[in-house]
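Yeah, the sequence shown ends on 260 if you go by the numbering used here, and it's all consecutive.
Working notes, beginning with the structure itself.
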Amino acid sequence: MDKQVIAVDIGGTNLRFGIVKKTGQIIHKIVRPTEADAGKDAVIKNIINGIDEILYLSKIKKSSILGISLATPGFIDINKGIITFSPNLPGWRNINLGKIVKDSLDIPVTIENDANAAAFGERWLGAGRNSRNLICITMGTGIGGGIILDNKIWHGDKGMAGEIGHITVDPDGSLCNCGNYGCLEAYSSGTG
């Protein structure tokens, strides 16, 4: 049997878990609340418990899992695999989530910004299939953007390419979760 990947979409509101074949076919999925206000340790526990739960419910053994892919909001140091800051997850600064999950479950882990992961998915299997270049805009608890250039995710300087939710639209505007004032996300996201 081919090995599968566990995909985890970490949102400010929900955690979405899927077991995915190499073809992209989702064979099992569950959704659980993020509980972001409970703090980072509670969210990390929810992520690990959700992975254990989907393995249990799907009756798939850990040995059949190629790896875990974490898609998380915020700014990622892609070279170190560290979430440097996630405005919609309180207390999430400089967290090596990939290492924490790998050490807990003994399964290899990759981490990517959620909007970049969405752009990659659209490029691979969605509306952008066979496009060498595309931009994907995401909207939920926050607003993000993923950019594909020459078939590769473009991370830009400090991994912040596509972070359109933090463009200032009103310098005297509302306080954003990132700490700045007047960000697009403070007005137009699912929480804005």
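Note that the Cβ used here is the ideal one computed from N, Cα and C, for glycine as well.
{"Check": "When T206, V177, G250 and C246 are compared against E190, the one with the closest alpha-carbon", "Outcome": "T206"}
{"Check": "Beta-carbon gap between G149 and V111 smaller than 9 Å", "Outcome": "no"}
{"Check": "Closest residue to L125 among C244, G86 and S137 (Cα-Cα distance)", "Outcome": "G86"}
{"Check": "Beta-carbon proximity check, K89 vs Q72, cutoff 9 Å", "Outcome": "yes"}
{"Check": "Close beta carbons around I215, own chain, < 6 Å, minus the five adjacent residues each side", "Outcome": "I203, W222, A229 and G230"}
{"Check": "Spatial distance of H234 from A185 (CA atoms)", "Outcome": "19 Å"}
{"Check": "C-beta contact flag for I78 and T102 at 9 Å", "Outcome": "yes"}
{"Check": "Sub-9 Å separation of V76 and L123 beta-carbons", "Outcome": "no"}
{"Check": "Per-residue DSSP class, three states only, for A139", "Outcome": "strand"}
{"Check": "A75 (DSSP reduced to helix, strand or coil)", "Outcome": "strand"}
{"Check": "Cβ neighbour criterion (16 or more within 10 Å) applied to W192", "Outcome": "exposed"}
{"Check": "Reduced DSSP secondary structure (H/G/I, E/B, other) of I115", "Outcome": "helix"}
{"Check": "Extent of the continuous beta strand (DSSP E) run through R100", "Outcome": "I94 to P101"}
{"Check": "Whether G250 touches V237 by CB criterion (9 Å)", "Outcome": "yes"}
{"Check": "Limits of the unbroken alpha helix (DSSP H) element including I168", "Outcome": "L165 to L173"}
{"Check": "I211: CB within 8 Å of a non-hydrogen atom of the ligand ATP", "Outcome": "Looking for the ligand ATP in the displayed structure turns up nothing, as the structure carries no ligands at all."}
{"Check": "DSSP three-state assignment for R191, whether helix, strand or coil", "Outcome": "helix"}
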